[in-house]
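These notes are about the structure you will find just below.
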């Protein structure tokens, strides 16, 4: 896990 | 997008459609917690701030707008529609919003990925969504009569996050093993809160009886 996860869910 | 995620989104959408159908067709919101519905408006407003800052897909944007629009219209019906608002079980829907919202906000201030407004509010929305069903579950427990639409609404709403859990397991193994503790643990808490309801819902369905939760 690196950096901020992109929020691609709802 | 995998099939579990899509099934989760569709279950979520279907639950909202069923609730709107109940309200519009029967002109009644009996058994529905306005507290929970208002919390969902806050959840969607704080989570979907990125509508203005980043584009993911047409699907994503459309669904976000649908969730925002439908949740706001449900609250509007329950608060302002002159027939529907009279069917609201105000005396039984006594859960306090801030008992849930304030701890979730403090937790989001403490535990988040990045200390920015959008990221903290996104995290807050994940924590709040996990517990937003509580006023609804309390109201159901107090209701002697749970109609089918309300029962199905709550069942589908719970099933949606359970499907997301499967989606996260699937994504972990198919997409470079990304660990995302905040939504995973919150989603697990959210689904666990429904365990009792699921048990009685399935039991009543198997025995072909009316759904009733023990007090």
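Chains as they are written, first to last, in my numbering: chain A, 301 to 310; chain B, 308 to 522. All C-beta atoms in this analysis are idealised placements derived from N, C-alpha and C, irrespective of residue type, glycine included. Since this is a predicted model, take the numbers as computed values, not measurements.
query                                                                                                             : result
Distance, residue 512(B) Cα to residue 490(B) Cα                                                                  : 31 Å
Residue 374(B): contacting residues in chain A (beta-carbon distance under 8 Å)                                   : 310
DSSP three-state assignment for residue 497(B), whether helix, strand or coil                                     : helix
Where residue 486(B) sits in the DSSP three-state scheme                                                          : coil
Closest by C-alpha distance to residue 306(A), when choosing among 382(B), 339(B) and 355(B)                      : 355(B)
Rounded separation between residue 339(B) and residue 376(B) - CA only                                            : 18 Å
Endpoints, the alpha helix (DSSP H) within which residue 316(B) is located                                        : 310 to 333
N-terminal and C-terminal residue of the alpha helix (DSSP H) that residue 408(B) is part of                      : 404 to 417
Short CB-CB distance (under 8 Å) between residue 468(B) and chain A                                               : no
Buried versus exposed call for residue 364(B) [16 or more other C-beta atoms within 10 Å across all chains shown] : exposed
Contacting positions in the segment 352 to 376 of chain B - beta carbon closer than 9 Å to chain A                : 354, 355, 357, 361, 363, 364, 367, 370, 371 and 374
Anticipated Cβ contact below 8 Å, residue 348(B) with residue 322(B), distance rounded                            : At roughly 15 Å, the Cβ-Cβ gap does not stay under 8 Å, so residue 348(B) and residue 322(B) are not in contact.
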